[in-house]
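Number of protein chains: 2
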Amino acid sequence: MTKDIESKCLEKGVRLTEQRKLIAKTMSNSSDHPDVDELHQRVSKVDSRISIATVYRTVKLFEEAGIVEKHDFKGSKARYEQAKDEHHDHLIDVSSGEIIEFVNNDIEKLQKQVAEKLGYKLVDHRLELYGSKIKK
Amino acid sequence: MTKDIESKCLEKGVRLTEQRKLIAKTMSNSSDHPDVDELHQRVSKVDSRISIATVYRTVKLFEEAGIVEKHDFKGSKARYEQAKDEHHDHLIDVSSGEIIEFVNNDIEKLQKQVAEKLGYKLVDHRLELYGSKIKK
DNA sequence: ATAATTGCAAATGCTTTGCTTGTGA
DNA sequence: TCACAAGCAAAGCATTTGCAATTAT
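Printed below as a string of structure tokens:
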């Protein structure tokens, strides 16, 4: 199972302040993909003095350390989630905004092949599906 | 072959002003993926009075009419290209910023399947590969 | 004629940053 | 202790918008 963000900070030598611990804990306990504003609201419930600038600085710090992932889905602001052990992509419900994670190794392989055929080593990728729920 | 933007505007009943014609022509003649600033510089060479607000308004208008496509690649501002007849995705050279278009029908099919398996009808998607050139 | 479009500058929304005070190792 | 982090407000950047003047049909 994926370790919590606080442990990962210790591993990577990221200095832990009260604010960072709180943001880390809040993100680790979130199963959704909150944006900075939402995150700020959540941590504010515990410590109302925390500033949004700190939240911005912290998620960026965590991202650069590879501890969290940033997503810029179409038509919404940047969202963050804790980095998991296994890579996954996202399907976004265009009506509700709900985000569903999925894994598809065939697509992953094909992406690598496409890149190689074009003479490139694949270093990163972005795959997002936008869909509307099929009522059954 | 894909028609030029001006013809498409006529088809779709998009009112054509001098400024729009110039922006349309400039985009049709571009084989790359310029951002608004770049586009503004290109049209300014022909008509120096054209404002960047007009460029912003025009690309948005064209996009909403389905005549051009907007791309928000990682780490750069919004880029635009004329919509082609055949859908394609992009590989971005992480060193040079060069953008390479590609088509892969296997991936397209798999995306649709993934969405359906999750109970969704695929209405849109985004696939971007980021790679570094393999020297041979 | 007149509804739509332009140019300009001001406003917006998200994000970053300078600076002073506070704090973790 | 003292380099680094936090809070605040100001700045930055891409993009949008209100308004008066202009233009396409």
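Note that the protein sequences, when read in sequence, are chains A and B.
Count along the first sequence starting at 1, add 113, and that's the number in my numbering.
Count along the second sequence starting at 1, add 113, and that's the number in my numbering.
Heads up, the beta-carbon is just placed ideally off N, CA and C, and yes, glycines get one too.
Boundaries of the beta strand (DSSP E) around K234(B): Y233 to K246. Put simply, the CB of R239(A) is near chain B, with a gap under 8 Å to one of its CB atoms. Contact of D185(B) with chain A by beta-carbon distance below 7 Å involves D185. Exclusion of the five residues before and after H238(B) leaves Q224 as the residues of its chain whose Cβ lies within less than 7 Å of its Cβ.
Think of a sphere of 7 Å around the beta carbon of D219(B): the chain A residues whose beta carbon falls inside it are L223, in chain order. Looking at the DSSP output, E214(B) bridges to H203(B).
DSSP lists K183(B) as the bridge partner or partners of Y193(B). Linking I205(B) to I247(B) through their CA atoms gives a straight-line distance of about 13 Å. A direct Cα-to-Cα measurement between D198(B) and D148(A) gives close to 36 Å. According to the DSSP assignment, D150(A) belongs to the alpha helix (DSSP H) that extends over V149 to S157. Note on geometry: alpha-carbon atoms of R170(B) and I118(A) lie some 43 Å from one another. Sequence-distant Cβ neighbours of S245(A) in its own chain, meaning closer than 8 Å and more than five residues away, are D206, V207 and S208. Counting along the chain, R170(A) sits inside the alpha helix (DSSP H) bounded by residues I165 to E177.
Bounds of the alpha helix (DSSP H) holding L123(B) are I118 to K125.
In this chain, R128(A) is not harboured by any alpha helix (DSSP H), its DSSP state being neither H nor E.
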